[in-house]
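Under my numbering, think of the first position of the sequence shown as -10, with each following residue one higher. Backbone N, C-alpha and C define an ideal beta-carbon position, used for all residues, glycine too.
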Amino acid sequence: MSCRFYRFANMRLLPTGIYTPLPCFFKQNEDLDLDVYHQHVQYVAESGTVPVVSGTMERLSI
């Protein structure tokens, strides 16, 4: 087995579809709003898209 083939043999293909970011939601006092985050995760999962947790995104206060 060549090195080139082995490098790709252990990789998993990403599922096809739309990838939706999961941003962090904050309350007015800058605490994480886990209730809104939970609602957003449920909405994304029910819509049939692929949820993606990203490293950093712009903050969104509700």
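- The straight-line gap separating the alpha-carbon atoms of Leu21 and Phe14 is approximately 6 Å.
- In the DSSP assignment, Val30 falls within the unbroken alpha helix (DSSP H) covering 23 to 36.
- The Cβ atoms of Pro10 and Val39 do not sit closer than 8 Å to each other.
- Residue environment for His27: exposed (fewer than 16 other C-beta atoms within 10 angstroms of its C-beta).
- Where Val41 is concerned, the enclosing beta strand (DSSP E) starts and stops at 39 to 41.
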